[in-house]
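Student: Numbering-wise, the sequence shown is residues -23 to -1, 1 to 223 according to mature numbering (1 follows the signal peptide of the UniProt record, and there is no 0).
The beta carbon of each residue, even a glycine, is placed where N, CA and C say it ideally should be.
Supplied in structure tokens, the structure appears directly below.
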Amino acid sequence: MKNTLFSLLLVMIATLTSFNAVSETALNKTQQQQLNAITTLLQQNPDIIPGLHQSLTQYVAQQQGFKGILTANHDYLYSNPKHTQFGATEPKLTIVNFTDYNCPFCKRLDPVLHDMAKTYPDIKVVNIYVPLKEMDAPLSDMNSAAFALNVWQQARDKYFEVHQLLLTKPSAHDQRSFARIADKTGTRDQLKQHDATVEMVERNVSLFQQLGLRGTPAMIIGDGVLPGYLPAEKLAPLIESALDKH
């Protein structure tokens, strides 16, 4: 019972702090209710306070490390034209979206983000491609991330078509699916691997791991992470909250 309660408190506190990282304002009504519930639970179960304090201290340290990594890699993530991106050219808010063309929830999120960029013209979305489901092969081999980046950087007029075809394949990509898409879109030249693209994909994966992300999609809004797929009706209020800070 105590272990279950301890785990529940950690989840509640992590949720509370992750939302506050996006807003960085006074607690809203929901957050205040969560805080009150946590206080009550701790008063009723004081024996779990030492363990919870230790876990929270570790969590805060991890969050500080997260912010440090974001700061050190800010220009690479937020101001790098080599990443595929859409939305405002001078944004008030930039959403960094770690995504994988082999991830079904990433594919579902993509049109939601495009809709958000239309609804909120002051936001920009930057896609950071991490081919997690193709990691069994060396990153020096062609993969979906490298293919998309090559097209974006070398044949941008063909990128949207390639992007849509990469999204619509229901199963995992392989060399044959890349070849079919390249033949259909006239992007055979972009199937040639380049050292700069390999290094970029490697850095994307490294940052994904350093930031402690565990799966895709994962969106960074402000200093907070939104893991997993979110429908428009849940994502929109978080975007509005972040925009209100600017």
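1) On a CA-only basis, which of P27, I72, T66 and T61 is nearest E217? Give me that one, please.
2) So Y78 packs on S148, CB below 8 Å; how close in whole Å?
3) Taking the C-alpha atoms as reference points, what is the distance between P214 and D166?
4) Classify K101 as helix, strand or coil using the three-state DSSP reduction.
5) Is the beta carbon of I105 less than 8 Å from the beta carbon of G64?
6) Grab me the residues of F82's own chain with a C-beta within less than 7 Å of its C-beta, minus the 5 sequence neighbours each way, in chain order.
7) Note the first and the last residue of the continuous alpha helix (DSSP H) segment covering N127.
8) Starting from the Cα of E210, find the closest Cα among N5, L18, I15 and T96 and give me that residue.
9) Which same chain residues end up closer than 8 Å to R191 when comparing Cβ atoms and leaving out the 5 residues on each side of it in sequence?
10) Between F155, I26, Q130 and I197, which lies nearest to H51 when the distance is taken from Cα to Cα?
11) Report buried or exposed for D24, applying the criterion of at least 16 other Cβ atoms within 10 angstroms of its Cβ.
12) Could you round the C-beta distance between V182 and V107 to whole angstroms and report it? I think they count as a contact, below 8 Å.
13) Cutting at 6 Å between CB atoms, please list the residues of its own chain near M(-23), excluding the five before and the five after it.
14) Report the rounded CA-to-CA distance for L86 versus A94, giving the unit in angstroms.
15) With DSSP run on the structure shown, which of helix, strand or coil describes Y106?
16) Do L18 and I26 have their C-beta atoms within less than 8 Å of each other?
Tutor: Once the coordinates are examined:
1) I72
2) With a Cβ gap of about 11 Å, Y78 and S148 do not count as contacting.
3) 42 Å
4) strand
5) no
6) P194, G205 and Y206
7) S121 to Q131
8) T96
9) P204
10) I197
11) exposed
12) 5 Å
13) Model confidence at M(-23) stands at a pLDDT of 47, short of 50, so the residue's coordinates are unreliable; what they give is reported in the following sentence. There are no such residues.
14) 12 Å
15) strand
16) no
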